[in-house]
Each structure stands twice: as C-alpha cells, then as structure tokens.
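The block underneath contains the structure these notes are about, expressed in structure tokens.
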Amino acid sequence: DSGVTQTPKHLITATGQRVTLRCSPRSGDLSVYWYQQSLDQGLQFLIQYYNGEERAKGNILERFSAQQFPDLHSELNLSSLELGDSALYFCASSVDGRGEAFFGQGTRLTVV
Amino acid sequence: QQQVKQSPQSLIVQKGGISIINCAYENTAFDYFPWYQQFPGKGPALLIAIRPDVSEKKEGRFTISFNKSAKQFSLHIMDSQPGDSATYFCAASYGNSGYALNFGKGTSLLVTP
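Residue numbers (our numbering), protein chains in the order written: chain A, 14 to 125; chain B, 2 to 114.
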C-alpha cells in the first residue's frame, strides 16, 4: 500500500458527462501528480500541483481541470467526456516534488 | 513524441535467470531516472531510482546501470522469480518540469518456473 488513496476505483459514465476523481496524498506529501494510462498512449503526465499551486502541465486536454485543496487532497475534473477518455487515471504524490513519487491504485474510467 | 524509449516490449526469462530491460533518452536535462513495477489492476510501484552522479545503484536483486554519455540506463533483475512477472516502466524527469515523469512504453516480463 503506497499510502495514496484514490476514489472511486471504477466509474462508468456516458459521453458528454462530467466526472470528478479524487486523490488523497500520503501524509506529509505536498505535491500531487495526475497521470492517464491507456493502451495506445501508455502513461502520460497530465498536471502537477505543489502545496495548492499548479506547478507543471503536461498533455492535459482543455476539457480537463484539476485543483489541490488546503488539506492537500486533489481532484481531477473531466468534462464533455468522449469515448477516447476511457482510461486508468492515476494520482501520485511526492514529499517535495523533487523526484520520488508514489502512485495510488487508480480510477478506471469507462465512457459509454 | 516519446522522450524515453524502452526495450524490449516483452521478455520471457526462466526462474533464476537475469532479466535486462533497457531505456534510452534524448533530453540531457533529465536528472532523475526511476523504475516502476506494475501488476495488473494496480498502480505503478516505485522499485529503484538513480540520479546521474552515479553509474550504478543496487537494491537487493534489482540494479540500475546508468551511462550518461550514451544517454542510456537499464534495469537488471538478478535471480528472477515468478513473482517478478509484471510490467516494468522506466521513466525520466527533471526539476524545471516539476519532476513530472516521462515514461517508457513498458516491458511485460514473464518469469517461467
């Protein structure tokens, strides 16, 4: 167990809908990363937050957004969902955002 | 574009053998190189990592070899066990990108009894 908690574990929703994925980092970790894993694209970095502030942005679509709250948990919001958004979404946390990152168990999103 | 190239895509090794997975990168700004292990239905688990000031790091049966001039690094799993059967990902990152990980495509390892 990495200590990173993601909810929900599974999510099935229809095209055009909006969902929110939640991540609680390890105790004491200030940095949260979001990644998407799909068969064709592999593991892709989406966005990073450090102590509530956005620090780095990767291949994140404009339909997606994220935030990190004062208690350091983070939420990834996915809107206007398309079939191609079906994937595993992982959150990872790091104590100081300087390397060592620990992943949660992921949320499997299925868009039908 | 794939910033980290990983090979082979799949690997079959007999129990007790050595598993070797290779990665190459282009961006010389990378200064952190971790390896992750992922079992089906689970998140990637950090296995071992290296920074470019050393050429080798060993933790138990797992060793990273790093060649800065060739921009290559590899994972060696000694005395491979059936429980090591998983997908292995190499990654690279650097400070100006917040240490966001650039992953290789992964290697599916099967260790046969």
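Quick reminder that beta carbons are idealized off the backbone N, C-alpha and C, glycines included. As the structure is a prediction and not an experimental result, all values here were calculated from the model.
| Check | Outcome |
| --- | --- |
| Contact check, Tyr37/B vs Tyr100/B, beta carbons under 8 Å | no |
| The beta strand (DSSP E) enclosing Thr120/A, as first and last residue numbers | 120-124 |
| Closest residue to Thr18/A among Asp53/A, Asn72/A, Cys36/A (Cα-Cα distance) | Cys36/A |
| Rounded separation between Gln4/B and Val125/A - CA only | 32 Å |
| Same chain only: Cβ atoms within 6 Å of Gln81/A, ignoring 5 sequence neighbours per side | Val45, Tyr62, Gly65, Ser87 |
| Contact residues within the stretch 37-61 of chain B, judged by C-beta distance below 9 Å to chain A | Tyr37, Gln39, Gly42, Lys43, Gly44, Pro45, Ala46, Leu47, Ala50, Arg52 |
| As assigned by DSSP and simplified to three states, the class of Ser70/B | coil |
| Leu76/B to Gly29/A span [Cα, whole Å] | 42 Å |
| Cβ-Cβ distance between Pro114/B and Lys43/B below 8 Å | no |
| Integer Cβ distance of Gly117/A from Cys104/A, believed to fall under 8 Å | 5 Å |
| Short CB-CB distance (under 8 Å) between Leu76/B and chain A | no |
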